[in-house]
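These notes concern the structure reproduced below.
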Amino acid sequence: MRALLGIFIVALLSCSSCTDPSKKLDEKEFDLTGMLSNVGDNIIVPSYQNFKSTVDILSDAANTFNNNPTMPNLLSVRVAFKNAYINWQKCDVFEFGPAMDNALRANFNVYPCDTSKITTNVSSGSINIDVLSNSDAKGFPTIDFLLYGDNQSDAYILLTFTKNTYAANKKQYLLALISAIKTKTDATVNAWGTYISTFKTSLGYSVGSSVGLLVNAMNSYDERYLRDGKVGIPAGIRSLGVALPRQTEAFYGKFSTELLNTSLQSFQNLYLGKYGSTNGLGLDDHLVAYDGAAIDENLRNYLADAVTACNTLSDPLSQHIINNQASVEAVYSKLQKVIIPLKVDMPSKLGILISYQDNDGD
Amino acid sequence: MNKFLAYIQKPAHIAPLAMFRVLFGGMMFFSILRFASKGWIYDLYIKPSYFFTYMGFSWVKPLGEFGMHVVFIALALSFLFVMLGYFYRIASVSAFLLFTYVELIDKSNYLNHYYFISIVSFLMCFLPAHRYFSFDVWRKPSLKVSHVPFWMTAVIKLQLGMVYFFAGVAKINHDWLFNAMPLRLWLPPRQDMPIIGSLFTYSWVAYFFSWFGCIYDLTIPFFLCFKKTRTWAYVFVILFHVLTGMLFYIGMFPYIMIVSTLVFFNADFHLKIISSFNKLFRINSIEIYLPLEGKHSILRNFLLLFFSIQIVLPFRYAAYSGKLFWHEEGYRFSWRVMLMEKGGYAIFKVKDKDSGRSWEVRNYDFLTPVQEKMMSTQPDMILQFAHFLAEKYHKSGMPHVEIKVECYVTLNGSPSRLLINPEVDLTKVNESFKKRDWVLPFEE
Chain H
86 MRALLGIFIV ALLSCSSCTD PSKKLDEKEF DLTGMLSNVG DNIIVPSYQN FKSTVDILSD
146 AANTFNNNPT MPNLLSVRVA FKNAYINWQK CDVFEFGPAM DNALRANFNV YPCDTSKITT
206 NVSSGSINID VLSNSDAKGF PTIDFLLYGD NQSDAYILLT FTKNTYAANK KQYLLALISA
266 IKTKTDATVN AWGTYISTFK TSLGYSVGSS VGLLVNAMNS YDERYLRDGK VGIPAGIRSL
326 GVALPRQTEA FYGKFSTELL NTSLQSFQNL YLGKYGSTNG LGLDDHLVAY DGAAIDENLR
386 NYLADAVTAC NTLSDPLSQH IINNQASVEA VYSKLQKVII PLKVDMPSKL GILISYQDND
446 GD
Chain X
2 MNKFLAYIQK PAHIAPLAMF RVLFGGMMFF SILRFASKGW IYDLYIKPSY FFTYMGFSWV
62 KPLGEFGMHV VFIALALSFL FVMLGYFYRI ASVSAFLLFT YVELIDKSNY LNHYYFISIV
122 SFLMCFLPAH RYFSFDVWRK PSLKVSHVPF WMTAVIKLQL GMVYFFAGVA KINHDWLFNA
182 MPLRLWLPPR QDMPIIGSLF TYSWVAYFFS WFGCIYDLTI PFFLCFKKTR TWAYVFVILF
242 HVLTGMLFYI GMFPYIMIVS TLVFFNADFH LKIISSFNKL FRINSIEIYL PLEGKHSILR
302 NFLLLFFSIQ IVLPFRYAAY SGKLFWHEEG YRFSWRVMLM EKGGYAIFKV KDKDSGRSWE
362 VRNYDFLTPV QEKMMSTQPD MILQFAHFLA EKYHKSGMPH VEIKVECYVT LNGSPSRLLI
422 NPEVDLTKVN ESFKKRDWVL PFEE
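Residue numbers (my numbering), protein chains in the order written: chain H, 86 to 447; chain X, 2 to 445.
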């Protein structure tokens with residue numbers, strides 16, 4: 086036993102010469118609580134609060150329109166809708182905790198919506214938007230279709246709310262969808278009121294820790310909903326090579342690119358811990374503190390490149406895809422580059438388990 | 002040789018073996034319940050639409066929702082009956098077969114721990130562990146024996162010792178010893194652990210753990226064998242496994258090892274525990290020797306072969322050039338436990354040669370997160386998935402697709418780089434035991 090201990094000590098001492106001495110006895114130190122407070126207090130909670138106020142405005146506008154369906158009122162519902170949809174982009178990524186409990190993503194933003202189902206729902210007059218079969222006949226994409234129609238004139242859309250056979254039903258449908266969004270938004274904002282302290286104190290890096298939840302949520306969002314949902318699938322890159330321009334987000338309102346840009350920029354800010362013009366503690370700082378400056382540099386550059394590339398796209402994105410698919414593919418490849426350091430290098434460096442599923446390891 | 006044979010034939014008390022049966026069966030019974038309670042039967046064996054089978058075992062298929070639940074109920078009961086020693090012969094065989102069946106369904110779930118369970122369950126099928134301190138003896142007293150040939154308990158010790166020793170041998174590599182990798186990546190994130198957590202931010206702690214782990218694995222089987230060192234060794238066993246159990250997501254394994262290693266203690270120790278159940282099991286001090294039968298020598302020779310294979314298997318990697326942790330040819334079934342931090346991302350690029358269309362695959366449409374994660378770092382699984390995709394496209398009317406993969410992998414904190422040659426059409430590659438020339442070398 087004693088001999089072994091001796092060997093051990095000798096080995097330990099001798100090995101100090103084999104590696105970079107500056108890396109010996111170094112201390113990995115990072116203010117994790119500080120980062121979580123910054124992300125929670127300055128990014129997540131304000132994002133939800135802003136979103137909530139836009140939803141409130143949308144709800145008011147819809148009520149006004151319901152009582153008085155005029156063209157100016159229709160246009161103000163559209164403005165409020167667009168504003169709420171844009172602000173949703175800043176919250177979508179936080180699908181854990183309260184958002185997960187309220188299943189926000191599945192309730193708010195399943196697209197493309199099923200237009201024939203929506204038409205049937207309108208003519209039947211009684212819909213239950215909580216049933217699973219209506220998951221693609223509710224939320225923002227369905228409101229988008231109700232408010233804009235498929236390339237129809239504003240005057241015609243107004244008629245569908247006033248004079249057409251099912252005008253009353255359609256108004257009811259619109260109201261029901263918006264009030265469902267409001268209910269779930271309010272519930273989520275309320276829940277964050279208490280969850281914020283859990284979020285800030287759930288330290289560590291395990292699957293259920295706040296960093297674990299955040300990084301896993303960022304990964305699945307970036308991969309599936311940002312890269313694939315907003316660009317890859319409609320452009321055909323992630324859908325058997327067949328362009329599906331009608332599967333763009335906000336296809337009927339024609340502001341897909343605006344949504345994409347908002348989403349990507351807020352994603353970039355989240356990574357940097359940035360809010361307004363203040364750059365607080367974020368994952369970028371964490372990487373630097375954990376010997377991952379090179380990964381951080383890649384991520385920052387790739388994110389910036391992707392933002393620049395997305396800015397070259399124009400609305401309507403569906404038209405852009407049809408006319409200039411190659412440029413959309415170029416944007417896609419920039420988004421693709423972000424995934425590798427985000428999903429492979431960063432979690433490995435920080436010791437975060439990437440798995441949206443729980444299991445034992447070796 | 003005769004001297005050796007005489008030595009291993011020497012009668013030894015059965016108590017350690019019987020106790021091992023109780024503990025092992027009990028822990029496994031509990032493990033299966035835990036597995037089910039976590040919803041993993043559904044997540045791992047019902048939900049996936051595709052399963053990564055082992056070479057030569059592609060015929061192993063899951064049995065659907067009802068079937069898999071029946072399998073797990075039968076599996077839990079088998080281990081319970083092993084523990085009780087009730088209809089042990091049937092229970093031990095069914096525990097081995099069912100457990101191994103479940104493990105063969107999908108290599109995404111491969112763990113050295115599960116391999117260990119399969120092997121021990123296999124050994125238990127042949128050992129008369131039910132002939133003492135069991136319901137079988139209570140049911141049929143004539144089964145009772147007090148002594149069995151020494152080798153019958155020794156094989157369990159040998160098996161346990163091999164797990165440790167080979168795990169230690171695997172740790173003798175540059176990354177582990179001289180870079181403290183991957184512990185230098187794994188320890189700092191656990192700094193919230195009570196008491197010692199704050200130490201994990203220092204890299205010397207990672208070096209200490211690496212060296213300690215290596216020396217522990219290499220020496221603990223021997224320290225457990227000698228009476229003089231046994232008690233202290235066992236204290237280390239408990240410390241080591243409790244610590245690793247707290248640090249890493251390794252489920253029941255630490256606890257299974259803690260109770261299993263009790264088999265190294267001598268018969269008196271086990272008899273003391275057993276004596277508290279004295280009356281129920283009619284334990285008395287009468288010595289009854291297991292009758293020596295001709296089939297024992299067949300069994301003994303078979304086990305010699307069995308262990309020889311196990312000794313050779315971990316070294317098969319030597320047949321493949323390049324960095325083992327990177328290409329993983331000859332990695333499994335070798336007790337390489339917690340040796341590397343590896344993460345990857347695989348982008349499958351498909352081209353339909355008939356229509357000229359090309360696209361990327363949404364892996365998550367076909368694979369669960371765990372499957373995708375495991376596949377993204379393991380070349381054989383990447384190839385399997387590519388073949389699965391090719392077949393799928395073929396069936397949907399695209400007989401001439403070309404599938405290439407751009408797969409980025411990080412190993413022990415290295416910057417991510419390509420694992421597979423992105424120019425190779427994987428539909429043209431066949432899986433074999435030959436060196437995989439479509440896997441790119443790891444450039445240091």
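Every residue gets a Cβ at the ideal spot worked out from N, C-alpha and C, and that includes glycine. In this text, all values refer to a predicted model and were calculated from it rather than measured experimentally.
Are the C-beta atoms of residue i and some chain H residue less than 9 Å apart?
i: F67 (chain X); result: no
i: H114 (chain X); result: yes
i: L186 (chain X); result: yes
i: K374 (chain X); result: yes
i: W360 (chain X); result: yes
i: E342 (chain X); result: yes
i: S309 (chain X); result: no
i: V351 (chain X); result: yes
i: I15 (chain X); result: no
i: F386 (chain X); result: no
Under the DSSP definition of a beta bridge, which residues are partnered with residue i?
i: E407 (chain X); result: X:I348
i: W360 (chain X); result: X:V351
i: L412 (chain X); result: X:K343
i: R418 (chain X); result: X:V410
i: K359 (chain H); result: H:N364
i: V402 (chain X); result: X:D353
i: H14 (chain X); result: X:H148
i: Y251 (chain H); result: Its beta-bridge partners do not exist; DSSP assigns none.
i: V440 (chain X); result: X:I421
For residue i, does the count of other Cβ atoms within 10 angstroms reach 16, so buried, or fall short, so exposed?
i: R35 (chain X); result: exposed
i: F434 (chain X); result: exposed
i: Y196 (chain H); result: buried
i: K113 (chain H); result: buried
i: W60 (chain X); result: exposed
i: I33 (chain X); result: buried
i: L293 (chain X); result: exposed
i: V456 (chain X); result: Limits of chain X in this structure are 2 at one end and 445 at the other, which puts residue 456 (chain X) out of reach.
i: V95 (chain H); result: With a pLDDT of only 45 at V95 (chain H), under the threshold of 50, the placement of this residue in the model should not be trusted; the figure read from the coordinates follows. That one is exposed.
i: S143 (chain X); result: exposed
i: S199 (chain X); result: exposed
i: L90 (chain H); result: Since pLDDT at L90 (chain H) reaches only 48, below the 50 mark, its modelled position is unreliable, and no value is offered.
i: T378 (chain X); result: buried
i: M339 (chain X); result: buried
i: K4 (chain X); result: exposed
Starting from residue i, find everything on chain X with Cβ-Cβ shorter than 7 Å and list it in chain order.
i: R309 (chain H); result: Y365
i: A191 (chain H); result: The contacting residues do not exist; A191 (chain H) stays about 16 Å from chain X at best.
i: V416 (chain H); result: Under the 7 Å cutoff, chain X gives no residues; its nearest Cβ is about 14 Å from V416 (chain H).
i: D313 (chain H); result: R363
i: D449 (chain H); result: Residue 449 (chain H) cannot be examined here, being either before or after the span of chain H that is shown, 86 to 447.
Does any CB atom of chain X fall closer than 9 Å to the CB of residue i?
i: S291 (chain H); result: yes
i: E114 (chain H); result: yes
i: R163 (chain H); result: no
i: Y356 (chain H); result: no
i: S324 (chain H); result: yes
i: V429 (chain H); result: yes
i: G450 (chain H); result: Outside the modelled stretch of chain H, which goes from 86 to 447, sits residue 450 (chain H), for which no answer is possible.
i: A96 (chain H); result: Annotation note: pLDDT 47 at A96 (chain H) (below 50); position unreliable, no value reported.
Going along chain H, which residues have a C-beta under 8 Å from residue i?
i: I47 (chain X); result: What I47 (chain X) touches in chain H: nothing, since even the nearest Cβ is about 13 Å away.
i: D193 (chain X); result: L288, G289
Does any heavy atom of the ligand MG sit closer than 8 Å to the C-beta of residue i?
i: L188 (chain X); result: With respect to the ligand MG, the structure shown offers nothing to examine, as it has no ligands at all.
Quick one: which chain X residues come within Cβ less than 8 Å of residue i?
i: Y375 (chain H); result: P189
i: A379 (chain H); result: P416
Please compile the residues from chain X whose C-beta is within a distance smaller than 9 Å of the C-beta of residue i.
i: G367 (chain H); result: Those within 9 Å of G367 (chain H) in chain X number zero; the least Cβ separation is about 17 Å.
i: Y327 (chain H); result: The sequence given here places Val at residue 327 (chain H); Tyr does not occur at that position. Per Cβ cutoff of 9 Å: R358, W360.
How would you list, in chain order, the residues of chain H whose beta-carbon sits under 7 Å from the beta-carbon of residue i?
i: G345 (chain X); result: V429
Contact list for the region 393-415 of chain X against chain C, Cβ threshold 8 Å
The structure shown contains no chain C; its protein chains are H and X.
Quick check for students: name the residue ranges of the alpha helix (DSSP H) that lie wholly in the region 106-171 of chain X, counting only runs of 4 or more.
113-127, 136-140
Quick check on the DSSP output: what are the complete alpha helix (DSSP H) runs of length 4 or more inside the region 201-231 of chain X, in order along the chain?
204-226
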